[in-house]
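Asker:
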Amino acid sequence: MVYDILIIGGGAAGLTSAIAAKRCNPGLSVCILERNERVGKKLLITGNGRCNITNQDLNIEHYHGDRAFAEYALSWFGLKETIDFFKSLGVIIKFEGQKAYPYSLQASSVLDALRFEAQDLGCEIICGCHVEEIVKTGGIFKAKAGGQFSSRCVIVATGGCSYPRLGSDGSGHRMLQKLGHSVTSLYPAIVQVKTKERIVKSLKGIKVESRVTAKVNNKIAGTDFGEVLFTEYGLSGPPILQLSRLVSVNPPGSVEFFLDFMPDMEFSEIVDTCEYRAKQHPRRQLSEFFTGMINKRLGQEIVKSCGLALNDEYAVLTSSNIKTMAGLIKSFPFTAVGTTGFANAQVTAGGVLCDEFLLKTLESKIVKGLFAAGEVLNIDGDCGGYNLQWAWSSGYLAGFSAAVKLSK
């Protein structure tokens, strides 16, 4: 059988492209080939299992890579279209701040809605089917996956390299390279960061709301605010994940994170508070100095970082000691030496060059009838629903465009 459209990958972009194609032309035969035993495995873990569908602030600055290319798809199928799309699937949206979630707060309900719609429209879904290569001969595509599947158009929606245990291992990049496309260097993004400092082991498990400033070669490259988690190897938590792309794309040791543990207080206020404490309770031990200000273990590590002993009394503190401790509270430095890699990354930075695809259809300029959508392209977004929005937008555009092409 020769299908009208083969979709390689049954994730967010792949399922959306299948639905878009069938809605555009119900008479087309559409088949999704998914390497896992079920579709949408990665979708189930998004948003900590709650599925952060999109974000009310879709400013293009939240995207990286070939961001100018992404702007068309994100405006053609933007926030309103996304909400309407999910409403048509029976998924009610709720907002938490700028972030949009299914009212159920279950990623599984989003996956079920997509899967049910694709099946109701007559899309064929074949799981456990690992496509190794795509070739085009005589105007027909042939996808080699143990057996062979043929089609008039192909949409590659395989994802990137993040979470390879869920099926995204870069196979889509290799397929497209064999068809003549170019792939940039690939890096893990939205990922935990490894640091040089050993202090993180002592603070393992502690969460501290902080303002995080990232510097690359001593120049500010980004800031974010939120809960930072100390781990045995380094740093995690939303602001670290948000800024982690900088670590991946720059040389080891060139990126530093500066954590402000009391962003609501000025340096001078912290100095005054510490001086008052030292005068009021000169006989207390420094192990308790920051009680009521910051996390106890964190406070003790700051004391030790100044070369002081925890069993010393407040009375030993000099003006210089206090200013040094206040400085560490406002700007504690950590040098990044790497990340925990693709195994833990939520998204891939880099991908197939977007310039090799038509802006308004996502069809290849090199191979007619070949389309691409989602993370396989050189587009990645920040935390907060941006990568799923790219999956919905690019998936719908690719599926719709393939259907229009075949309907002429």
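Going left to right, the sequence shown walks through residues 423 to 830 as the working numbering numbers them. Just so it is clear, CB atoms sit at the ideal spot from N, CA and C, and this is done for glycine as well.
What residues in its chain sit with their C-beta under 6 Å from that of S451, if we drop five residues either side in the sequence?
Answerer: For S451, where only same-chain residues beyond five positions count, the Cβ hits under 6 Å are Y425 and D426.
Asker: By DSSP's criteria, S786 is part of a beta bridge. Which residues make up the other side?
Answerer: Answer is F779.
Asker: So, for G675: in the same chain, excluding its five sequence neighbours on each side, which residues have a beta-carbon less than 8 Å away from its beta-carbon?
Answerer: K618, T757, A758 and V759.
Asker: Where does D802 fall in DSSP's three states?
Answerer: Strand at D802.
Asker: Out of curiosity, what's the CA-to-CA distance linking P586 and G431?
Answerer: Those two C-alpha atoms are separated by around 13 Å.
Asker: Within 10 angstroms of its Cβ, does L780 collect 16 or more other Cβ (buried), or is it exposed?
Answerer: L780 is exposed by the Cβ-count criterion.
Asker: Whole beta strand (DSSP E) runs in the region 686–727 with 3 or more residues, listed along the chain?
Answerer: Runs of the beta strand (DSSP E) inside the region 686–727: none found.
Asker: For the 8 Å Cβ check, are there 3 or more pairs between the region 769–784 and the region 718–731?
Answerer: No, the region 769–784 is not in contact with the region 718–731.
Asker: Can you tell which of Q520, I505, L466 and I454 has its C-alpha closest to the C-alpha of N481?
Answerer: Selected option, being the one with the closest Cα: Q520.
Asker: Report the rounded CA-to-CA distance for V826 versus G791, giving the unit in angstroms.
Answerer: Computed Cα separation, rounded: 11 Å.
Asker: Between L720 and the rest of its own chain, which residues show a CB-CB distance below 8 Å, the 5 nearest in sequence each way excluded?
Answerer: Only L625, I628, V630, F683 and F712 meet the Cβ criterion.
Asker: Whole-angstrom Cβ separation of A434 and A813, contact assumed at under 8 Å?
Answerer: About 4 Å; that satisfies the 8 Å criterion.
Asker: Which ranges would you report for the beta strand (DSSP E) in the region 608–683 if only whole runs of at least 3 residues count?
Answerer: Runs found: 609–611, 615–617, 629–638, 641–652, 656–658 and 677–682.
Asker: Could you check whether the Cβ of W814 sits closer than 8 Å to any Cβ belonging to chain C?
Answerer: The structure shown contains no chain C, having only a single protein chain.
Asker: Taking L651 as the reference, give the member of R667, S632 and V638 with the closest Cα.
Answerer: Minimum Cα distance to L651 is reached at S632.
Asker: When you compare only the Cα positions, how much space is there between E735 and G749?
Answerer: Those two C-alpha atoms are separated by around 20 Å.
Asker: Hey, is the region 508–522 in contact with the region 458–465, meaning 3+ C-beta pairs nearer than 8 Å?
Answerer: The answer is no - the region 458–465 does not touch the region 508–522, with fewer than three Cβ pairs under 8 Å.
Asker: Would you decide whether F517 is buried or exposed? Buried here means 16 or more other CB atoms lie within 10 Å of its CB.
Answerer: Exposed is the call here.
Asker: Can I716 and M747 be called in contact, C-beta distance under 8 Å?
Answerer: Going by C-beta atoms, I716 is not nearer than 8 Å to M747.
Asker: Is it the case that the Cβ atoms of I429 and L543 are separated by a distance below 8 Å?
Answerer: Not a contact, by the Cβ cut-off of 8 Å.
Asker: Please report how far the alpha carbon of F571 lies from the alpha carbon of I662, in whole angstroms.
Answerer: Their backbone Cα atoms lie some 43 Å apart in a straight line.
Asker: Let's test the definition: count the other Cβ atoms within 10 Å of the Cβ of C549 and tell me whether it reaches 16, buried, or not, exposed.
Answerer: Exposed is the call here.
Asker: Can you grab the Cα-Cα spacing for the pair S753 / A765, in whole Å?
Answerer: Roughly 30 Å between the two C-alpha positions.
Asker: Can you give the Cα-Cα distance for L536 and N743, rounded to whole angstroms?
Answerer: Rounded to the nearest angstrom, the two C-alpha atoms are 59 Å apart.
Asker: Please state the DSSP three-state secondary structure of H595.
Answerer: DSSP places H595 in helix when its eight states are reduced to three.
Asker: Kindly identify the DSSP beta-bridge partner or partners of G569.
Answerer: For G569, which the question treats as bridged, DSSP gives the partners A567.
Asker: Return the CA-CA distance between Y485 and N474, expressed in angstroms with no decimal places.
Answerer: Cα to Cα, Y485 sits roughly 16 Å from N474.
Asker: So, does the region 552–570 touch the region 793–800, judging by three or more C-beta pairs under 8 Å?
Answerer: In short, these stretches do not touch, since the Cβ pair count stays below three.
Asker: In angstroms, rounded to a whole number, what distance separates the CA positions of S829 and S573?
Answerer: Approximately 15 Å, taken between the alpha carbons.
Asker: When you compare the CB positions of G602 and I788, do they come within less than 8 Å of one another, or not?
Answerer: The answer is yes: Cβ separation under 8 Å.
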